[in-house]
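These protein sequences, in sequence, are chains A and B.
For the first sequence, my numbering assigns the number 13 to the initial residue and increments by one for each residue that follows.
For the second sequence, my numbering assigns the number 448 to the initial residue and increments by one for each residue that follows.
Idealized CB from N, CA, C, for every residue including glycine.
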Amino acid sequence: MSLVHRVGLVAGGVAALVGILFVAALFAILSLRHAESRESHSSDVTVATLRVRTLSADLESSLRGYVLSANPRFLALFRDARARVPGDVSHLRSLVHDDPPQRVRAASVAGELHAYLLDYAENVITIAQFSRAAARGPAAGSEGKRRIDEINGTLDGLLAAENQRTHRASAHAQSVTNVAVAVGIGAIVVSSALVLLFGAWVARAVARPVRRVAAAAADVAAGDLTVRLEGGGAAEVAALVTAFNSMTGSLELGRHQLLEQNEQLREGERHKRDLISMVSHELRTPLAAVLGFTALLLERDFPPDEQRRYLEIIDTQARRLAALAGDFLDVQLLAGGDLTLVLTSFDLVELVREQAQLFFLEPSSHHLVLDVPGEPLVIEGDRDRLSQVVGNLLSNAIKYSPQGEEVRVSVRSVGDDAIVAVADDGIGIDREDAAHVFEQFFRAADAAATVGGTGLGLAVARDIVTSHDGTLEVESTPGVGSTFVLSLPLGARRAVVGAEQNAPSRQ
Amino acid sequence: MTVEQADDRPRVLVVDDEAPLRELIVVTLGDGFLCEEVSDGETALARLRESPPDLVFLDVMLPGLGGIDVLKEIRADPALSDIGVVVVSAWQAQADIAVALESGADSFLPKPFLVEELLSIAEELAGRRR
Chain A
13 MSLVHRVGLV AGGVAALVGI LFVAALFAIL SLRHAESRES HSSDVTVATL RVRTLSADLE
73 SSLRGYVLSA NPRFLALFRD ARARVPGDVS HLRSLVHDDP PQRVRAASVA GELHAYLLDY
133 AENVITIAQF SRAAARGPAA GSEGKRRIDE INGTLDGLLA AENQRTHRAS AHAQSVTNVA
193 VAVGIGAIVV SSALVLLFGA WVARAVARPV RRVAAAAADV AAGDLTVRLE GGGAAEVAAL
253 VTAFNSMTGS LELGRHQLLE QNEQLREGER HKRDLISMVS HELRTPLAAV LGFTALLLER
313 DFPPDEQRRY LEIIDTQARR LAALAGDFLD VQLLAGGDLT LVLTSFDLVE LVREQAQLFF
373 LEPSSHHLVL DVPGEPLVIE GDRDRLSQVV GNLLSNAIKY SPQGEEVRVS VRSVGDDAIV
433 AVADDGIGID REDAAHVFEQ FFRAADAAAT VGGTGLGLAV ARDIVTSHDG TLEVESTPGV
493 GSTFVLSLPL GARRAVVGAE QNAPSRQ
Chain B
448 MTVEQADDRP RVLVVDDEAP LRELIVVTLG DGFLCEEVSD GETALARLRE SPPDLVFLDV
508 MLPGLGGIDV LKEIRADPAL SDIGVVVVSA WQAQADIAVA LESGADSFLP KPFLVEELLS
568 IAEELAGRRR
């Protein structure tokens, strides 16, 4: 989950908690206001009740005053009080209209008052007008007191119930307020904790990976490009880690490529040094023979046959020098892709025979075993270049096998190809070196230590064979011998090199 | 038989896989030396042990046992250790010369060489043995 998502989530949580806080406060305020209006209503009810009570007291005292004194002023007070009864009672009843128990009490007050006035007060007044003594009788007095007490009792009940209700409402408002305050405090505490925890988490989730990246960057600056960070954590951090790793990866790759190029350049330099050293070595042996015999011929007198022999040696060695120069030139040509083939049709058998005679001049150090067919195998190609290839294979066979051993040369046709095989019983080439013998300047270590050579012959030979659409391969067992197999297409060559490479016909 | 007994010319073994180079050394030394030629290291050692010569011209790059190995064998063998050895090589960097001399060569002759130089080295070493 990304950091932004988490921040959003936590902010949403905090907002919800604050919302709860507001709702709780609102609820508390509403419930307080309700309790307040309830209280003011109760006080109205109380006032109205007290008024009715005052009224009942006024009725009772004025009635008793009239009975005792027969003073019409009391009767006037009674009438006045009585006139207020319907208004005050109905006011009280309307106030408690929505409260059933109170409504019952108010109704019974109204009934009792009505009964007191009609069944008792009017009778007492009538009796008093005729006989004051009868009206003053204890029965009448106690009846009046009983009825008034009854009314007052009901009114007291009404007052008490109203008081209780008010008390209950304010207690409820108080508890609602308490709950609202608790909820508010809780919401504040929880959201503060949430914000604090989240801050700590962000610090941990961001600061720690950033420190790790900074440390790794310092390592990279110090040159260690193998540094890789472990992923995980918030999406932004993971993206940073991925970007960092891919940066060090490409840096490392770049450095690796530079090192590789450097190594290739160095390799090239070494090749060049090896070439110069090898060229000078290869030139020195024939040069020593040419210079030495020339000096001897100039300084000393030899019989004519010896003179001739030394001149022949000089000639052979000078040719060898020329061949070496030719090899280097070929490498230049092949490297530049400037090898031009002069194509003619000729008999490959005859070419091999010629080269064999040249390399196995009697007396020869090695025995030639030549196995060729009686009929010609005609191919089309550059005769001089292919002579060079066959000559190279023969000279290698002689060079890399002990004196007196056989060199077996065979020519045969297999399908559409002419095959020339040159086999020796020489030192052989191990598997690893065999993969490189056709590379320029490659010399197997054991061969290089004991046998002179440029490491060019086979490279040039393979290039020549390849440009004839042929193949040149080697099979060898170290210590047993090597067989080089040259394969060339029989018959006319397929048009121009490079054009129609895929033409199937070889006739 | 009588010729060999009477022959007191210095005896020289020429070791080189290149026939023209062997012949050049033999012809240059001329009639004053009794020369024998071999073309590889093993044959050279066998011949040395069979009949130790006064002087060896030893090519470094030989098929099989190399010239420097042959030289070390000569110096390790008490019967052969006083033979004069001239190392002849187309490899003539300072390092190549140093290896030859440290391995016990009396002299180092680079290819190509001057005939007079070869002759004077041969005469000097042969004379020392007398």
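Below-8 Å beta-carbon distance, residue i vs any chain A residue
| i | result |
| --- | --- |
| B:F560 | yes |
| B:V474 | yes |
| B:E465 | yes |
| B:S567 | no |
| B:M448 | Any answer about B:M448 is weak, because its pLDDT of 43 lies below 50 and its placement is not dependable; what the coordinates show is given next. With 8 Å as the cut-off, B:M448 does not count as an interface residue toward chain A. |
| B:A552 | no |
| B:P500 | no |
| B:L468 | yes |
| B:L471 | yes |
| B:P510 | yes |
| B:S528 | no |
Distance, residue j Cα to residue i Cα
| i | j | result |
| --- | --- | --- |
| A:G491 | A:P414 | 11 Å |
| A:G243 | A:R278 | 39 Å |
| A:V101 | A:G196 | 46 Å |
| A:T58 | A:G153 | 29 Å |
| A:E451 | A:E362 | 29 Å |
| A:S399 | A:A430 | 15 Å |
| A:L203 | A:A122 | What sits at residue 203 of chain A in the sequence shown is Ser, not Leu. Answer to the nearest angstrom: the Cα atoms are 59 Å apart. |
| A:A511 | A:S422 | Low confidence applies to A:A511: its pLDDT is 38, below 50, so where it sits in the model is not reliable, and the reading given next is rough at best. Near 32 Å, if we compare the C-alpha coordinates of A:S422 and A:A511. |
| B:V459 | A:E387 | 52 Å |
| A:R65 | A:V201 | 54 Å |
| B:S554 | A:S262 | 58 Å |
| B:E563 | B:S486 | 24 Å |
| B:L561 | B:V462 | 18 Å |
| A:V193 | A:A183 | 15 Å |
| A:A246 | A:A23 | 17 Å |
| A:G77 | A:L71 | 10 Å |
| A:R332 | B:K519 | 32 Å |
| A:L345 | A:R455 | 21 Å |
| A:A504 | A:T356 | 9 Å |
| B:R494 | A:A435 | 31 Å |
| A:A47 | A:L87 | 44 Å |
| A:S377 | A:E275 | 43 Å |
Endpoints, the alpha helix (DSSP H) within which residue i is located
| i | result |
| --- | --- |
| A:A504 | Segment: none, A:A504 is in no alpha helix (DSSP H) and carries neither H nor E. |
| A:D445 | 443-446 |
| A:G24 | 15-81 |
| B:T475 | 466-476 |
| B:P578 | Residue 578 of chain B falls outside the range modelled here, since chain B spans only 448 to 577, and no answer is possible. |
| A:I476 | 469-479 |
Test: residue i CB closer than 8 Å to a CB of chain B
| i | result |
| --- | --- |
| A:P316 | no |
| A:L484 | no |
| A:G304 | yes |
| A:A301 | yes |
| A:P414 | yes |
| A:I325 | yes |
| A:A307 | yes |
| A:Q319 | no |
| A:Q369 | no |
Range of the contiguous beta strand (DSSP E) that encloses residue i
| i | result |
| --- | --- |
| A:H4 | The requested residue 4 of chain A does not occur in the structure, where chain A is confined to residues 13 to 519. |
| A:G393 | 390-394 |
| B:S536 | 531-536 |
| A:L107 | Careful: A:L107 lies outside any beta strand (DSSP E), inside the alpha helix (DSSP H) at 84-107. |
| A:R117 | Run containing A:R117: none in the beta strand (DSSP E); it sits in the alpha helix (DSSP H), 112-127. |
| B:R458 | 458-462 |
| B:A547 | No beta strand (DSSP E) holds B:A547; the alpha helix (DSSP H) holding it covers 541-549. |
Residue i, buried or exposed, once every other Cβ within 10 Å from all chains shown has been counted against 16
| i | result |
| --- | --- |
| B:V450 | Only weak support is given to the placement of B:V450: the predicted model assigns it a pLDDT of 46, under 50, and the value that follows is read from those uncertain coordinates. When all chains shown are included, B:V450 counts as exposed. |
| A:Q273 | exposed |
| A:T61 | buried |
| A:D437 | buried |
| B:D501 | buried |
| A:Q269 | exposed |
| A:R285 | exposed |
| A:A334 | exposed |
| A:L323 | exposed |
| A:P385 | exposed |
| A:Q141 | exposed |
| A:K411 | buried |
For residue j and residue i, believed in contact at Cβ under 8 Å, the rounded distance
| i | j | result |
| --- | --- | --- |
| B:V533 | B:L505 | 7 Å |
| A:V390 | A:F358 | 7 Å |
Contact set between residue i and chain D, taken where Cβ atoms lie within less than 7 Å
| i | result |
| --- | --- |
| B:A537 | No chain D appears in this structure, whose protein chains are A and B. |
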